[in-house]
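Numbering (our numbering), first residue to last: 320 to 549. For glycine and all other residues, C-beta sits at the position ideal for the given N, C-alpha and C. All values derive from a computational prediction rather than experimental measurement. Taking it in order: structure first as structure tokens, then the write-up.
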């Protein structure tokens, strides 16, 4: 097996769970740097990566496939072994925002800090519960008034053992963002409801930019201290 085929096989392994993790990116980036691939070899490897991604598209897992493909392709353009930070934008109606949110949640390996106006889409709730059940630390801040809404999943999330806090003000806690492992942020107008996916004109941004992620982390910690346990 030649070098390029060996690298392609390593990328194939990361694609099996549709998650190019931080540790896998670091390992592959270091390997590509050490091999000092010329442009021709990088182009061949990039073509093989796209071939791998097409298998996911054929299986209908488009959102997961595009996220994996973007991360894998960026590794070929890195310098000094440093992972490239990326940002992605999604729009609704349709399920692209939903799929991006659940994909990011499923990528969590350490902790999720969630700060959202309301949660009533069972598909997102189930993704959160699955991470919690696997030992991922989950913290949620939500609006106190929305707890009373029919279909709210906050009580079920609290009953599972997830730590939840609510704002203690007469005004709304109207944020919609989530920090994944301190490495990425999901933010935008998109409420975590079914109507946001099926009817509303909404958007989300998923970014790994350090400055943005750190600022959201500061905002979450500040609001967490001001909020009261549910």
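Contacting residues, own chain, Cβ-Cβ under 7 Å from residue i (five flanking each side not counted)
i: residue 531; result: 504
i: residue 398; result: Annotation note: pLDDT 46 at residue 398 (below 50); position unreliable, coordinate value reported separately. For residue 398, where only same-chain residues beyond five positions count, there are no Cβ hits under 7 Å.
i: residue 486; result: 462, 463, 492 and 546
Whether residue i touches residue j by CB criterion (7 Å)
i: residue 514; j: residue 471; result: no
i: residue 330; j: residue 368; result: yes
i: residue 511; j: residue 435; result: yes
i: residue 516; j: residue 414; result: yes
i: residue 407; j: residue 525; result: yes
i: residue 458; j: residue 482; result: yes
Closest Cα partner of residue i within the set the options
i: residue 466; options: 358, 548, 359 and 320; result: 548
i: residue 361; options: 441, 444, 391 and 520; result: 391
i: residue 365; options: 409, 352 and 393; result: 393
i: residue 520; options: 342, 529, 508 and 528; result: 508
i: residue 433; options: 388, 333 and 460; result: 460
i: residue 506; options: 447, 480 and 409; result: 409
i: residue 335; options: 371, 537 and 389; result: 371
Assigned exposure category for residue i - 16 Cβ within 10 Å defines buried
i: residue 456; result: exposed
i: residue 401; result: Because the pLDDT of residue 401 is 45, which lies under 50, any placement of that residue in the model is unreliable, and the question is left without a value.
i: residue 386; result: buried
i: residue 332; result: exposed
i: residue 488; result: exposed
Contacts around residue i, its chain only, beta-carbon distance under 8 Å, and the 5 residues preceding and following it disregarded
i: residue 468; result: 437 and 439
i: residue 429; result: 455, 456, 500 and 501
Close-in-space but distant-in-sequence residues of the same chain around residue i (CB under 6 Å, 5 per side omitted)
i: residue 375; result: 384
i: residue 327; result: 367
i: residue 338; result: 426
Beta carbon proximity, residue i to chain B, threshold 7 Å
i: residue 496; result: The structure shown contains no chain B; it is built from a single protein chain.
**Prompt:** Which full runs of the alpha helix (DSSP H) of 4+ residues lie inside the segment 405-467, going along the chain?
**Reply:** Segments of the alpha helix (DSSP H) lying fully in the segment 405-467: 415-426 and 441-452.
**Segments assigned alpha helix (DSSP H), at least 4 residues, entirely inside the segment 514-545** = As far as the segment 514-545 is concerned, its whole alpha helix (DSSP H) runs of at least 4 residues are 529-545.
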